[in-house]
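Residue numbers (the UniProt record's numbering): 1 to 620. Here a beta-carbon is modelled for each residue, glycine too, at the ideal position from N, C-alpha and C. In this text the structure is predicted, and so the values were computed from the model without any measurement. Working notes, structure below.
Shown next, in the form of structure tokens:
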């Protein structure tokens with residue numbers, strides 16, 4: 001495993017010719033200059049390795065995750081382990097929540113009835129089996145993704161199937177009980193292909209660049225809109241049941257007992273709204289009590305609220321039981337009594353249908369790509385900034401290419417296991433706040449999710465009213481993004497508001513994103529054209545309050561490509577000098593930041609550079 005880490009580090013990072021190890025907080029930073037990739041450069045590289053073999057070995061140990069664990073003092077290692085467990089406690093709710101949401105699509109179960117099989121016992125039994133499979137899938141892919149994120153990218157970030165993306169996957173693409181534009185199997189094919197496209201975009205640096213080039217107000221609006229979307233799901237029949245259908249309005253109050261619903265319209269209350277005991281249990285214990293715990297910063301407050309609500313719902317002879325005395329309840333209770341077991345993926349494992357001839361598959365793929373770029377990239381940037389790892393100028397962070405490659409690989413593996421796209425979780429901030437600074441935190445989180453795989457009967461028996469409050473709370477956390485929207489200029493605020501409001505009202509993230517982007521281009525593009533045509537005479541009065549839209553510095557290509565193939569970039573700030581034989585490839589690229597001429601750069605041959613290193617050693 002250590003050899004794999006070293007190999008990947010060698011591929012994505014330049015081989016250092018000088019090693020200046022600087023200890024800063026809990027991270028080891030390495031300042032290095034680039035080495036030419038030529039025959040002479042190879043000889044020169046060998047000379048450097050021979051002179052600095054001791055430093056080379058230390059560099060390999062210092063820049064990998066697993067060996068660094070042995071260098072940590074006991075208190076530092078305990079902090080990382082505690083941070084990893086804290087992150088797991090904050091994220092573990094996704095195991096049951098993700099399973100409940102995606103199970104609403106019906107999975108591989110087939111429904112041919114006009115009422116979408118909402119009362120068909122055979123279909124509902126199949127759907128329950130799909131949910132149990134999804135419990136295993138969610139825990140397994142979260143374990144794999146988090147472990148790889150910590151091992152390879154050395155970031156304290158947990159990974160799992162993302163909220164918002166799973167809702168879009170279920171309700172907008174596949175549809176409730178398979179009533180959407182494509183089938184469950186075809187949707188998994190779109191997710192699988194998305195992962196490989198993301199891998200290519202990450203290696204080329206385009207994924208990071210596309211996320212940074214988006215207007216900041218729109219990015220924040222998408223996150224806030226997804227928060228409203230998630231909260232709406234938590235309040236509807238898939239969660240607490242507070243909101244239901246209404247025959248005169250689009251939505252209305254719900255929370256009635258099953259016998260008080262309209263016979264032909266499920267989730268439509270005919271009378272006696274807000275009388276359901278399970279709804280009030282979820283509101284007070286899973287919602288208000290959880291918020292009270294968060295008020296005092298109790299670690300894992302959301303998970304505690306979910307499990308307390310579930311424990312109250314598990315006894316059978318009660319009004320809030322999750323196991324009624326019927327055929328479905330008996331089957332669920334029998335599975336619950338196993339407590340510890342491993343459930344193989346019987347229905348959703350390797351269920352991908354690689355049928356890309358359906359145009360709707362490509363529509364779903366493009367939307368997955370765009371939303372996931374904003375979601376995962378934004379979360380990773382936020383976590384890197386929170387941990388103090390983000391460059392304030394380029395808005396990038398160390399190991400970003402590896403982090404995005406891990407995310408892309410996890411997306412494709414998750415599709416093979418039957419789940420929606422995997423993403424970085426904002427709940428990772430709890431572990432970072434606990435002191436997690438390295439990948440060991442994410443490794444511990446992954447190991448905790450791996451143990452959760454064998455407790456699938458427990459997680460599969462968590463009722464929807466136990467997770468509904470968690471969805472509302474997470475939505476309230478995501479809505480905080482509206483603070484970052486520029487409300488002082490209508491060219492920024494109106495597109496952001498359209499994005500924010502259309503996402504939950506249409507039950508579709510893609511529609512909100514499209515509305516925001518189109519309105520932004522129309523408003524600001526038209527104003528820009530008028531400004532140029534009129535010679536700066538027709539200018540919006542409040543233009544000074546507009547959010548500045550600029551292409552962020554740092555270039556498009558990632559660091560590993562700009563170092564090994566310097567002819568693809570002219571970013572002289574990051575490449576001190578373009579050495580032979582690349583100096584002739586890019587016109588003007590030989591001129592560095594200090595304005596040195598091409599002739600001076602040409603003199604910096606491998607032999608000259610080697611002599612310079614020896615002179616530095618003598619001075620030292």
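Query                                                                                                       : Result
Unbroken alpha helix (DSSP H) run spanning residue 464, endpoints                                           : 464-478
Where the beta strand (DSSP E) through residue 159 begins and ends                                          : 159-161
Where residue 361 sits in the DSSP three-state scheme                                                       : helix
With 16 other Cβ atoms within 10 Å as the buried cut-off, status of residue 322                             : buried
Rounded distance between the beta-carbons of residue 135 and residue 460, thought under 8 Å                 : 5 Å
According to DSSP, residues forming a beta bridge with residue 423                                          : 160
Check: residue 539 C-beta below 7 Å from any heavy atom of the ligand NAP                                   : As for the ligand NAP, it is missing from this structure, which has no ligand bound.
Per-residue burial, residue 532 [other beta carbons within 10 Å of its own, 16 or more giving buried]       : exposed
Beta-ladder partner(s) of residue 244, from DSSP                                                            : 252
DSSP beta-bridge partners of residue 526                                                                    : Partner(s): none; residue 526 has no beta bridge.
Where residue 311 falls, given that 16 or more other Cβ within 10 Å makes a residue buried                  : exposed
Minimum C-alpha distance to residue 275 - residue among 256, 262 and 546                                    : 256
Residue 420 and residue 184 closer than 8 Å at C-beta                                                       : no
Segment contact, 8 Å Cβ cut-off, at least three pairs: the region 119-133 with the region 199-210           : no
Contact belief for residue 452 with residue 341 at Cβ below 8 Å, rounded distance in angstroms              : Their Cβ separation, rounded to whole angstroms, is 13 Å, which puts residue 452 and residue 341 out of contact at 8 Å.
Assigned secondary structure, residue 214 (DSSP; H/G/I helix, E/B strand, else coil)                        : coil
As assigned by DSSP and simplified to three states, the class of residue 321                                : coil
Reduced DSSP secondary structure (H/G/I, E/B, other) of residue 296                                         : coil
6 Å CB neighbourhood of residue 166 in its chain, flanking five on each side removed                        : 98, 101, 102 and 420
Cβ neighbours of residue 623 in the same chain (closer than 8 Å, five flanking residues each side left out) : Past the edges of the chain, shown from 1 to 620, lies residue 623, and the structure says nothing about it.
Bridge partner(s) assigned by DSSP for residue 341                                                          : 455
Three-state secondary structure assigned by DSSP to residue 336                                             : helix
Member of 472, 422 and 400 whose CA lies at the smallest distance from the CA of residue 410                : 422
C-alpha distance - residue 458 paired with residue 494, whole-angstrom precision                            : 45 Å
Rounded Cβ spacing between residue 403 and residue 155 (contact assumed at less than 8 Å)                   : 6 Å
Run of the alpha helix (DSSP H) containing residue 187, from where it starts to where it stops              : 184-204
Assigned exposure category for residue 57 - 16 Cβ within 10 Å defines buried                                : Bear in mind that a pLDDT of 41 at residue 57, under 50, signals an unreliable position, so the model cannot answer this.
Inter-residue Cα distance where the pair is residue 10 and residue 446                                      : Model confidence at residue 10 stands at a pLDDT of 44, short of 50, so the residue's coordinates are unreliable; what they give is reported in the following sentence. Spanning the two alpha carbons is a distance of roughly 25 Å.
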